[in-house]
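Enquirer: I am attaching a structure below and will ask some questions about it afterwards.
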């Protein structure tokens, strides 16, 4: 056999072998499916199983959205509250523009998510804390819109249709309560614009709000410290990500609310010489919001290879609390 003929022979042989192998690989799954799907009921079961397998991961992937954008700026006006406007914006973003995930039952694909629900719950907690504190300090009537909004924001974030506290009877969903709270926040700002009510911007009011924020942040740092102390030696810590995103949601919410408070109390902040520590406070909270690892680790503090993202978040939380402790005494002093 000549050299050229032998080359053609072996080329044709390899081609036939590759085709036969490819055909075998293609035919195997089809032959398997052909043996399994022998009737319409079996076909229905296979299609249902395939749908379930794709339903949860794809649905959860499409729903998952943790938004830590810190660029939002509320236009400051003399007649309305930038803090109230910011709270209304964040409620609309998380409730209307996205899916509220903390209360989803098992048949929703996003119910398998845990990081986004934790973040949203922490964010709403920070908004509620600020609005409730404002309502306690501002001299207003008990039937005012801000008072109603504060009560609605204090609603648990995990209620979908039934509440254990309500003995499993139908209860308003968290979504509907927060939507109502947003409407009352906007109504309160409209009342400010029309002169029906007055927003008194006093140093003691700002001081009271900052004290409540500082206490809540300190509470979060203690929770992080306790979790690291108890579980950092574990090989796998499934609860570290929930705690991380809950506390990050809080710090992110406080960043935007404090930015808005600086617009509402701008004259007081400038006159008391608080611009520099206030700027550091906002930058610290912004840095905390930007921590975005692919996987949350709770490694041992002495480890050389396992990171601890809870400690990183706790560091920024502690710095924010320290800045608040620096600011508060200056608000207690009388202006000279």
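Residue numbers (the numbering used here): 8 to 343. Backbone N, C-alpha and C fix where the C-beta goes; we use that ideal spot for every residue, glycine too.
How long is the line joining the alpha carbons of residue 184 and residue 159, rounded to whole angstroms?
Expert: Taking the straight line joining both Cα atoms gives about 6 angstroms.
Enquirer: Count Cβ pairs between the stretch 313-333 and the stretch 233-242 that sit closer than 8 angstroms; are there 3 or more?
Expert: The stretch 313-333 vs the stretch 233-242: in contact.
Enquirer: Pick from 101, 277, 266, 102: whose alpha carbon is nearest that of residue 77?
Expert: 266
Enquirer: Would you kindly work out how many angstroms separate the C-alpha atoms of residue 301 and residue 124, rounded to a whole number?
Expert: Rounded to whole angstroms, residue 301 to residue 124 spans 17 angstroms at the Cα level.
Enquirer: Would you mind listing the alpha helix (DSSP H) stretches within the stretch 227-308 that are 4+ residues and don't spill past its ends, in chain order?
Expert: 247-271, 273-278, 282-296
Enquirer: Quick one: what does DSSP say residue 68 is sitting in, helix, strand or coil?
Expert: helix
Enquirer: Got a sec, what are the start and stop residues for the alpha helix (DSSP H) residue 161 sits in?
Expert: Taken as a continuous stretch (DSSP letters only), residue 161 belongs to no alpha helix (DSSP H), as it is neither H nor E.
Enquirer: Just list the residues that DSSP pairs residue 169 with in beta bridges.
Expert: Note: residue 169 sits in a beta bridge opposite 177.
Enquirer: To which residues does DSSP link residue 122 through a beta bridge?
Expert: BP columns for residue 122 are empty, so no partner.
Enquirer: Go to residue 202, then tell me how far its alpha helix (DSSP H) extends in each direction, as first and last residue.
Expert: Taken as a continuous stretch (DSSP letters only), residue 202 belongs to no alpha helix (DSSP H), as it is neither H nor E.
Enquirer: Compare the Cα-Cα distances from residue 257 to each of 79, 198, 324, 211 and report the closest residue.
Expert: 324
Enquirer: Report buried or exposed for residue 282, applying the criterion of at least 16 other Cβ atoms within 10 angstroms of its Cβ.
Expert: Looking at its Cβ environment, which holds fewer than 16 other Cβ atoms inside 10 Å, residue 282 is exposed.
Enquirer: Shortest alpha-carbon distance to residue 99 belongs to which of 87, 293, 188, 339?
Expert: 188
Enquirer: Check the DSSP bridge columns for residue 103 and list the partner residues they point to.
Expert: For residue 103, which the question treats as bridged, DSSP gives no partner whatsoever.
Enquirer: In this structure, does DSSP put residue 110 in helix, strand or coil?
Expert: coil
Enquirer: Give a yes or no on contact between the stretch 303-314 and the stretch 109-116, applying the rule of three or more CB pairs nearer than 8 angstroms.
Expert: no
Enquirer: On a CA-only basis, which of 264, 228, 121, 67 is nearest residue 254? Give me that one, please.
Expert: 228
Enquirer: Kindly confirm or deny that the stretch 214-223 and the stretch 134-145 touch, where touching means at least three C-beta pairs closer than 8 angstroms.
Expert: yes
Enquirer: Which partner residues of residue 315 appear in the DSSP bridge assignment?
Expert: 305
Enquirer: So, is residue 108 buried or exposed, given that buried needs 16 or more other C-beta atoms within 10 angstroms?
Expert: buried
Enquirer: Buried or exposed: which applies to residue 203, given that a residue is buried once 16 or more other Cβ atoms fall within 10 Å of its Cβ?
Expert: When all chains shown are included, residue 203 counts as exposed.
Enquirer: How big is the Cα-Cα spacing for residue 340 and residue 311?
Expert: 47 angstroms
Enquirer: Taking 7 angstroms as the limit between beta carbons, can you name the residues of its chain near residue 284, skipping five residues before and five after?
Expert: Taking C-beta separations shorter than 7 angstroms and ignoring five residues to either side along the sequence, the partners of residue 284 in its chain run 330, 333, 334, following chain order.
Enquirer: Tell me which same chain residues have a C-beta within less than 8 angstroms of the C-beta of residue 250, skipping the five on either side of it?
Expert: 125, 230, 231, 234, 317
Enquirer: Does residue 79 come out as helix, strand or coil in the three-state DSSP assignment?
Expert: When DSSP states are grouped into helix, strand and coil, residue 79 belongs to the coil group.
Enquirer: Whose C-alpha, out of 65, 82, 313, is nearest the C-alpha of residue 242?
Expert: When only C-alpha atoms are compared, the closest one is 313.
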